[in-house]
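Following: one structure in structure tokens, then a few remarks.
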Ligand code: NAD
């Protein structure tokens, strides 16, 4: 049986991914702050280490799949926290579970990015370089100094996508596929929190995808299920936008 770790399994996209993978016959080991097989706080080094140790114990050191969904939106309590969970909460799980994946059967890992990662100028933010340099304290401090939650969110999603694409070169040689799915607006508690926030609600409501609606968690999870399957055996190191056409709307000549 395919054994897959899913972070953020208690809600939204992570819950839908867990259900889809279970339907496909996977044994899912869920990690979240609550209501999960492994309850851990991915915003801290200790929490991530505890999550990795518990996951390795649960899978006996042999893992076939990893899907990192746990993340915070721009309404989180601080910009540093967004960086901590969205970048370090994913990258440290990837690193911590890499050897177990290398022992797995046709292993594949996938990180949930965002269409926000394609926002113009995001790649130039100093916090991005600090994330990629693995300097968590400095990256969080930079994010807090800038004090722009949307930039922290987009920067963390851009950095994690670059992290995955760089890692794909090494992991390809180890036989582990690694990809990113970048959703647009998806109806989850995270999006609802932004819609209810006076700072962001109107802008989000006015930025409608070409398909004219938001996505559902299941529409993202079905793509993840495919990308984690042997049907996608030659997909590696790529970022797939599942966004109702938002990326095409904002930058048609970049792909
Ligand atoms: P959600 O709030 O429904 O789910 C996020 C999950 O992550 C929750 O279960 C939460 O408990 C968990 N989590 C948050 N902080 C954590 C921590 N410190 N430790 C452990 N778990 C933690 O939101 P969602 O929309 O399903 O988000 C899933 C992923 O999709 C996120 O990475 C998000 O950035 C990304 N995303 C969402 C949208 C959208 O519009 N909903 C768009 C693009 C990308």
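In this note's numbering, the protein residues as written are 243 to 497. All C-beta atoms, glycine included, are put in the ideal place defined by N, C-alpha and C.
- When DSSP states are grouped into helix, strand and coil, residue 492 belongs to the helix group.
- As the crow flies, the alpha-carbon of residue 407 is around 10 Å from that of residue 414.
- Remark: C-beta atoms of residue 268 and residue 286 do not approach each other more closely than 8 Å.
- In terms of side-chain proximity, the C-beta atom of residue 328 is found nearer than 7 Å to a non-hydrogen atom of the ligand NAD.
- Here residue 382 has 322, 325 and 326 as same chain residues with Cβ atoms under 7 Å from its own Cβ, once five neighbours each way along the sequence are excluded.
- Counted as a single uninterrupted DSSP element, the alpha helix (DSSP H) harbouring residue 468 occupies residues 459-469.
- Secondary structure at residue 256: helix, using DSSP grouped into helix, strand and coil.
- Take residue 396, set aside five residues on each side of it, and the residues of its chain with a beta-carbon closer than 8 Å to its own are 356, 358, 359, 361 and 364, in chain order.
- Annotation note: the region 276-338 contains the following uninterrupted beta strand (DSSP E) runs of length 3 or greater, listed N- to C-terminal: 307-310.
- Counting C-beta pairs closer than 8 Å gives three or more between the region 429-436 and the region 447-467, which meets the contact rule.
- Taking every protein chain shown into account, the CB of residue 449 has fewer than 16 other CB atoms within 10 angstroms, so this residue is exposed.
- Our two residues, residue 277 and residue 476, have alpha carbons roughly 34 Å apart in a direct line.
- Here residue 470 is buried, its C-beta having at least 16 other C-beta atoms within 10 Å.
- Straight through space, the alpha carbons of residue 309 and residue 283 are spaced by roughly 16 Å.
- Counting along the chain, the unbroken beta strand (DSSP E) around residue 483 starts and ends at 481-484.
- Judged by the Cβ position, residue 316 fails to qualify as a neighbour of the ligand NAD at the 7 Å threshold, every heavy atom of the ligand being at least this far.
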